[in-house]
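Under the working numbering, read the sequence shown as residues 1 to 329, first letter to last. Report on one structure; see the data block that follows.
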Amino acid sequence: MRPFVYERATDVADALDRAGDGAVFLAGGTNLVDHLRLGVRSAERLVDITRIGLDEVEELPGGGLRVGALVRNSDLAAHPALRRGFPVVAQALLAGASGQLRNMATTGGNLLQRTRCVYFQDVTMPCTKRDPGSGCSALEGYAAGNAIFETSPRCMAVHPSDLCVALVALDAVVRTTGPAGDREIPMTELYRRAEDGPETDTHLVPGELITHVDLPPLAPGTRSAYRKVRERASYAFALVSVAAALDVVDGRVRDARLGFGGVCHRPFRARRAEEALVGGPADAAAFAAAIDAELAHARPGRDNAAKVPILRNTALAVLAGLADEGARS
Ligand SMILES: Cc1cc2nc3c(=O)[nH]c(=O)nc-3n(C[C@H](O)[C@H](O)[C@H](O)COP(=O)(O)OP(=O)(O)OC[C@H]3O[C@@H](n4cnc5c(N)ncnc54)[C@H](O)[C@@H]3O)c2cc1C
Numbered sequence: 001m002r003p004f005v006y007e008r009a010t011d012v013a014d015a016l017d018r019a020g021d022g023a024v025f026l027a028g029g030t031n032l033v034d035h036l037r038l039g040v041r042s043a044e045r046l047v048d049i050t051r052i053g054l055d056e057v058e059e060l061p062g063g064g065l066r067v068g069a070l071v072r073n074s075d076l077a078a079h080p081a082l083r084r085g086f087p088v089v090a091q092a093l094l095a096g097a098s099g100q101l102r103n104m105a106t107t108g109g110n111l112l113q114r115t116r117c118v119y120f121q122d123v124t125m126p127c128t129k130r131d132p133g134s135g136c137s138a139l140e141g142y143a144a145g146n147a148i149f150e151t152s153p154r155c156m157a158v159h160p161s162d163l164c165v166a167l168v169a170l171d172a173v174v175r176t177t178g179p180a181g182d183r184e185i186p187m188t189e190l191y192r193r194a195e196d197g198p199e200t201d202t203h204l205v206p207g208e209l210i211t212h213v214d215l216p217p218l219a220p221g222t223r224s225a226y227r228k229v230r231e232r233a234s235y236a237f238a239l240v241s242v243a244a245a246l247d248v249v250d251g252r253v254r255d256a257r258l259g260f261g262g263v264c265h266r267p268f269r270a271r272r273a274e275e276a277l278v279g280g281p282a283d284a285a286a287f288a289a290a291i292d293a294e295l296a297h298a299r300p301g302r303d304n305a306a307k308v309p310i311l312r313n314t315a316l317a318v319l320a321g322l323a324d325e326g327a328r329s
């Protein structure tokens, strides 16, 4: 590990003052410290932001929530207002990592964790995300985890977060402050596509601090859920995952939100499926037609074609579960 300076910021203004000149924000450290150890990343200064506040969940008028960037994943998953209004987010959080990691990991850090692509983490292999211009080893190498949507020969890595899949589906908004002033960035616009340049994951600028994530309210009666498929029962990243919210009135879909994880360079919003669902019947045939409309745009490669039927089955199971839950209530 290369030497670095450790500093502790006292508040948001102090954190911003300390940003720049090779500084990197340190939150829970569960991703960043691994990368410093592996040599995936280097930093001259680590600015610890865990004592700057931003560790509250605030209930907004109308039923939304404002989540501080330093709220730990465990605390957020256990928050009564989140569990009541946004079960899909609580389930996504609890599907991630382990209890110990969730106790350390923060909301902002989860959004900015980097891909788990094996070539990104192996500094002996070419990876354009880690070493711009060096190419993508996953194109011809181990490719079972590669993206199937918005694929690009520049980078086949997928975004690893569970939480982000739920946040993208729910139209969450990321609030930031930094060199460009205060900004509100929809989760669906935070991340870059591989084709736009995989070296950088997001549209944040250096020194920009995530302060909060806002969850807009869902219509009363909306049901939501998250399901993750992985190679072992716990402590593994998603092979594929599905976040869904369904508002069904008199047997017809009034609103549908769908996010897919493990399949794209960014947390993927399944808008084609949503469009096909809205206004139609909440039944198995309509669900299958909608998911197939989205999957028609999947571009699996040699080794990851299995993601397509697994994603299809997972999405259909989630939608059927939500429709049944609504019909029973
Ligand atoms: C073994 C293991 C298994 C895991 N499994 C899963 C899983 O199944 N699902 C899943 O979703 N995640 C999983 N994770 C990832 C884990 O959730 C992330 O490491 C964690 O959420 C990152 O949060 P952190 O606070 O520790 O971030 P840090 O490691 O402190 O920071 C990560 C990045 O975010 C930046 N950053 C942090 N906070 C801010 C902020 N407020 N503003 C601007 N920049 C910021 C840092 O500078 C850094 O670049 C796993 C991790 C490990 C080690």
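Think of the CB as a built atom: it goes at the ideal place given N, C-alpha and C, for glycine as much as any other residue. Bear in mind that the values here come from a model prediction, so they are computed numbers and not experimental data.
Taking 8 Å as the cut-off, the Cβ atoms of residue 106 and residue 67 do not count as close. Remark: the shortest separation between the CB of residue 267 and any heavy atom of ligand 1 does not fall under 7 Å. At a cut-off of 7 Å, the beta-carbon of residue 106 counts as near ligand 1: some heavy atom of the ligand is closer than that.
By the C-beta density criterion, residue 299 is exposed, having fewer than 16 other C-beta atoms within 10 angstroms. Assignment of beta strand (DSSP E) within the region 154-215, counting only whole runs of 3 or more residues, yields 173-177, 183-186 and 209-215 in chain order.
DSSP, reduced to helix, strand and coil, places residue 226 within a strand of the structure shown.
Exclusion of the five residues before and after residue 79 leaves 57 as the residues of its chain whose Cβ lies within less than 6 Å of its Cβ. Exclusion of the five residues before and after residue 166 leaves 88, 89, 92, 226, 243 and 259 as the residues of its chain whose Cβ lies within less than 7 Å of its Cβ. Leaving aside the five residues that flank residue 19 on each side, the residues in its chain whose CB is nearer than 6 Å to its CB run, in chain order, 207.
DSSP, reduced to helix, strand and coil, places residue 275 within a helical segment of the structure shown. Where residue 9 is concerned, there is no enclosing beta strand (DSSP E), because DSSP gives it neither an H nor an E. Pairing residue 240 with residue 151 gives a Cβ-Cβ distance that is not under 8 Å. Residue 62 has no beta-bridge partner at all, per DSSP.
In the structure shown, the three-state DSSP call for residue 281 is strand.
If you draw a straight line from the Cα of residue 270 to the Cα of residue 28, it comes to about 30 Å. Of all alpha-carbon atoms in 132, 120, 224 and 111, the one lying nearest the alpha-carbon of residue 186 is that of 111.
Note that the C-beta distance between residue 175 and residue 211 is below 8 Å. Exclusion of the five residues before and after residue 103 leaves 72 and 74 as the residues of its chain whose Cβ lies within less than 7 Å of its Cβ. According to the DSSP assignment, residue 96 belongs to no beta strand (DSSP E), since it is labelled neither H nor E.
Here residue 60 is exposed, its C-beta having fewer than 16 other C-beta atoms within 10 Å.
Three or more beta-carbon pairs separated by less than 8 Å are not found between the region 182-197 and the region 215-229, which leaves the two stretches without contact. In the three-state reduction of the DSSP assignment, residue 326 falls in the helix class, which pools H, G and I. Using a Cβ distance threshold of 8 Å, residue 45 and residue 23 count as a contacting pair. Here the distance from the Cβ of residue 235 to the nearest heavy atom of ligand 1 is below 7 Å. The three-state secondary structure of residue 302, taken from DSSP, is coil.
At least one heavy atom of ligand 1 falls within 7 Å of the beta-carbon of residue 97. Short note on residue 160: C-beta closer than 7 Å to some heavy atom of ligand 1. DSSP, reduced to helix, strand and coil, places residue 40 outside both helices and strands of the structure shown, so it counts as coil. At the C-beta level, residue 109 and residue 214 stay beyond 8 Å of one another. Rounded to the nearest whole angstrom, the C-alpha separation of residue 163 and residue 169 is 10 Å. If you ignore the 5 residues before and after residue 265, its C-beta comes within less than 7 Å of the C-beta of 147, 150, 155, 157, 158, 159, 193, 194 and 198, all in its own chain and listed in chain order.
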